[in-house]
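K.L.:
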Amino acid sequence: MSAQIIDGKAIAATIRSEIKAEVEAMQAQYGQVPGLATVLVGERKDSQTYVRMKKKACAEVGIASFSHDLPADISQADLLKVVQDLNANPEVNGILVQLPLPDHIDEEEILSAVSLAKDVDGFHPINIGRLSMKRRDPLFVPCTPKGCIELLDRSGVEIEGRRAVVLGRSNIVGLPVAMLLLHRNATLTICHSRTQNLPQVVREADILIAAVGRAEMVKGDWIKPGAVVIDVGVNAVDDPAAAKGYRLVGDVAFNEAREVAAAITPVPGGVGP
6 MSAQIIDGKA IAATIRSEIK AEVEAMQAQY GQVPGLATVL VGERKDSQTY VRMKKKACAE
66 VGIASFSHDL PADISQADLL KVVQDLNANP EVNGILVQLP LPDHIDEEEI LSAVSLAKDV
126 DGFHPINIGR LSMKRRDPLF VPCTPKGCIE LLDRSGVEIE GRRAVVLGRS NIVGLPVAML
186 LLHRNATLTI CHSRTQNLPQ VVREADILIA AVGRAEMVKG DWIKPGAVVI DVGVNAVDDP
246 AAAKGYRLVG DVAFNEAREV AAAITPVPGG VGP
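Residue 261 in the working numbering is what sits at position 256 of the sequence shown, and the numbering runs on without skipping anything.
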């Protein structure tokens, strides 16, 4: 058996087309378009790449983008002032603070300062709190977890009643995607560095979401036959044969898992770039 490849790029293109149509309709009706502000602190290459991708996506769908590239040594007070100014700017409808922030910055204070109505990353404590409660809908949901659910939905995967295993418990992916799965009535297990008998636990998953940042940690014989695998990991491994000297792999050993799973996301080209 060879798994169905869940083509994240194709699904993303469809979503962008839908959003573009919505933006055009908004402009025709109200004479304005949404505005997204990105806040980047420092010069991390991966963060710069993600911000560039967000700006490119905005341009493709007609959303106005406002970039704020700030020095790594910016003070807490100055960064708060940037966020507060964006909160007050009527042209800005959404604010994305690129994580991680430098160690000297209090991340929780910065994320809490973002207007609840502009917290499109869904990291404001109130949004996260509402996500963790039954019958409470947050204004916004964290992007990568929402993307994971979107991939399942648009691939025709039934979530309700299925046994879902989430590898990883980060605030950015693991915990929010677990909450989203619970909202969809999955039977949920969260695994982490202290989980015992990890391969055995993973083997019980009808739906596996891997988000631990460890290259090809999940082997093919960990996968339940017929499972659906969403691989969030993006890890660089040395490869002298590659043009850049490395290649990107996920948290799941793709070539092994695709022979067992019913469907799987590739890396790259699945959840991430």
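Where a beta carbon is used, it is the ideal one built from N, C-alpha and C, also for glycine. Computed from a predicted structure; not experimentally measured.
Counting only runs that start and end within the segment 108-154, where is the alpha helix (DSSP H) found for 4 or more residues in a row?
P.N.:
112-118, 130-136
K.L.:
Alpha helix (DSSP H) containing residue 183: first to last residue?
P.N.:
As a working note, residue 183 is residue 178 in the sequence shown. That run of the alpha helix (DSSP H) goes 179-188.
K.L.:
Identify, in the order they occur along the chain, each residue of the same chain with its Cβ nearer than 8 Å to the Cβ of residue 121, setting aside the five sequence neighbours on each side.
P.N.:
Residue mapping note: residue 121 aligns to position 116 of the sequence shown, counting from 1. Residues of the same chain with a CB within less than 8 Å of the CB of residue 121, apart from the 5 flanking positions on each side, are 129, 131, 132, 144 in chain order.
K.L.:
Expressed to the nearest angstrom, what Euclidean distance is found between the alpha-carbon atoms of residue 10 and residue 246?
P.N.:
Mapped onto the sequence shown, residue 10 falls at position 5. Mapped onto the sequence shown, residue 246 falls at position 241. Computed Cα separation, rounded: 25 Å.
K.L.:
What residues in its chain sit with their C-beta under 8 Å from that of residue 113, if we drop five residues either side in the sequence?
P.N.:
In the sequence shown, counting from the first residue as 1, residue 113 sits at position 108. Around residue 113: 130.
K.L.:
Using only the alpha-carbon positions, how far apart do residue 206 and residue 228 sit?
P.N.:
Translated into positions along the sequence shown, residue 206 becomes position 201. Translated into positions along the sequence shown, residue 228 becomes position 223. A direct Cα-to-Cα measurement between residue 206 and residue 228 gives close to 10 Å.
K.L.:
Quick test of your reading: residue 156 and residue 54, contact by CB under 8 Å. State the CB separation rounded to the nearest angstrom.
P.N.:
Translated into the one-based positions of the sequence shown, residue 156 becomes position 151. Translated into the one-based positions of the sequence shown, residue 54 becomes position 49. Going by Cβ atoms, the distance from residue 156 to residue 54 rounds to 21 Å, so no, they are not a contact pair.
K.L.:
Roughly how many angstroms lie between the CA atoms of residue 203 and residue 87, to the nearest whole one?
P.N.:
Here residue 203 is taken as the residue at index 198 of the sequence shown, counted from 1. Here residue 87 is taken as the residue at index 82 of the sequence shown, counted from 1. Distance between the alpha carbons of residue 203 and residue 87: 44 Å.
K.L.:
Please identify the residue among 98, 172, 208, 28 whose C-alpha is closest to the C-alpha of residue 41.
P.N.:
Within the sequence shown, the letter at position 36 stands for residue 41. When each option's Cα is compared against that of residue 41, the closest is 98.
K.L.:
Per DSSP, what kind of secondary structure is residue 106 in: helix, strand or coil?
P.N.:
Residue numbering aside, residue 106 sits at position 101 when the sequence shown is read from its first letter. Correct three-state label for residue 106: coil.
K.L.:
Starting from residue 13 and walking both ways along the alpha helix (DSSP H), at which residues does that stretch end?
P.N.:
For the purposes of this step, residue 13 is taken as the residue at position 8 of the sequence shown. Per DSSP, residue 13 belongs to the alpha helix (DSSP H) from 13-35.
K.L.:
For residue 167, which residues from the same chain have a beta carbon less than 6 Å from its beta carbon, with the 5 sequence-adjacent residues on both sides left out?
P.N.:
As a first step, residue 167 is located in the sequence shown; it is residue number 162 there, counting from the start. Result list for residue 167: 191, 211, 212, in chain order.
K.L.:
Compare the Cα-Cα distances from residue 262 to each of 208, 241, 28 and report the closest residue.
P.N.:
Here the question's residue 262 lines up with position 257 in the sequence shown. Of 208, 241, 28, the residue nearest in Cα terms is 208.
K.L.:
Have a look at residue 118 and residue 175 and give me their C-alpha separation to the nearest angstrom.
P.N.:
Along the sequence shown, read from residue 1 onward, the residue named residue 118 stands at position 113. Along the sequence shown, read from residue 1 onward, the residue named residue 175 stands at position 170. Answer to the nearest angstrom: the Cα atoms are 21 Å apart.
K.L.:
Can you give me the C-alpha to C-alpha distance between residue 253 and residue 275, rounded to a whole angstrom?
P.N.:
Numbered from its first residue, the sequence shown carries residue 253 at position 248. Numbered from its first residue, the sequence shown carries residue 275 at position 270. Each residue's Cα considered, the two are about 12 Å apart.
K.L.:
Is it buried or exposed for residue 126, if we count other Cβ within 10 angstroms and need 16 for buried?
P.N.:
Here residue 126 corresponds to residue number 121 of the sequence shown, with the count starting at 1. Residue 126 should be labelled buried.
K.L.:
Applying the criterion that 16 or more other CB atoms from any shown protein chain within 10 Å of the CB defines a buried residue, is residue 37 buried or exposed?
P.N.:
The residue you call residue 37 lines up with position 32 of the sequence shown. Residue 37 should be labelled exposed.
K.L.:
Excluding the 5 residues preceding and the 5 following residue 189 in the sequence, name in chain order all residues of the same chain whose CB lies nearer than 8 Å to its CB.
P.N.:
Walking along the sequence shown from the start, residue 189 turns up at place 184. Within the same chain, residue 189 has close Cβ partners 154, 164, 165.
K.L.:
Within the same chain, show all residues whose beta-carbon is closer than 6 Å to that of residue 75, passing over the 5 residues directly before and after it, in chain order.
P.N.:
For the purposes of this step, residue 75 is identified with residue 70 of the sequence shown, where counting begins at 1. Within the same chain, Cβ atoms closer than 6 Å to the Cβ of residue 75 are found at 46, the five residues on either side in sequence being excluded.
K.L.:
Leaving out five residues before and five after residue 69 in sequence, what residues of the same chain have Cβ atoms less than 8 Å from its Cβ?
P.N.:
In the sequence shown, counting from the first residue as 1, residue 69 sits at position 64. So the qualifying residues of the chain are 38, 39, 40, 41, 63, 96.
K.L.:
If I follow the unbroken alpha helix (DSSP H) through residue 54, where does it start and stop?
P.N.:
Looking up residue 54 in the sequence shown gives position 49. First-last of the alpha helix (DSSP H) with residue 54: 50-66.
K.L.:
Considering only C-alpha positions, which residue in the set 71, 61, 257, 91 is nearest to residue 21?
P.N.:
Residue mapping note: residue 21 aligns to position 16 of the sequence shown, counting from 1. Considering only alpha carbons, the answer is 61.
K.L.:
Consult DSSP for residue 168 and reduce its assignment to one of helix, strand or coil.
P.N.:
For the purposes of this step, residue 168 is taken as residue 163 along the sequence shown, with counting starting at 1. Three-state result, residue 168: strand.
K.L.:
Sort 170, 24, 184 by Cα distance to residue 151 and report the nearest one.
P.N.:
By 1-based counting over the sequence shown, the position of residue 151 is 146. Per the Cα distances, 184.
K.L.:
For residue 124, is the classification buried or exposed, using 16 other Cβ atoms within 10 angstroms of its Cβ as the cut-off for buried?
P.N.:
Position 119 of the sequence shown, counted from the start, is the residue given in the question as residue 124. Label assigned to residue 124: buried.
K.L.:
I'd like the span of the beta strand (DSSP E) that includes residue 233, first residue to last.
P.N.:
For the purposes of this step, residue 233 is taken as residue 228 along the sequence shown, with counting starting at 1. For residue 233, the enclosing beta strand (DSSP E) starts and ends at 233-236.
K.L.:
Are the beta-carbon atoms of residue 84 and residue 100 separated by less than 8 Å?
P.N.:
As a first step, residue 84 is located in the sequence shown; it is residue number 79 there, counting from the start. As a first step, residue 100 is located in the sequence shown; it is residue number 95 there, counting from the start. No, these two residues do not count as a Cβ contact at 8 Å.
K.L.:
When the Cα atoms are used, what is the spatial distance from residue 232 to residue 66?
P.N.:
If you number the sequence shown from 1, residue 232 lands on position 227. If you number the sequence shown from 1, residue 66 lands on position 61. Roughly 34 Å between the two C-alpha positions.
K.L.:
Could you please give the first and the last residue of the uninterrupted beta strand (DSSP E) stretch that includes residue 69?
P.N.:
Looking up residue 69 in the sequence shown gives position 64. Annotation for residue 69: the continuous beta strand (DSSP E) segment containing it runs 69-75.
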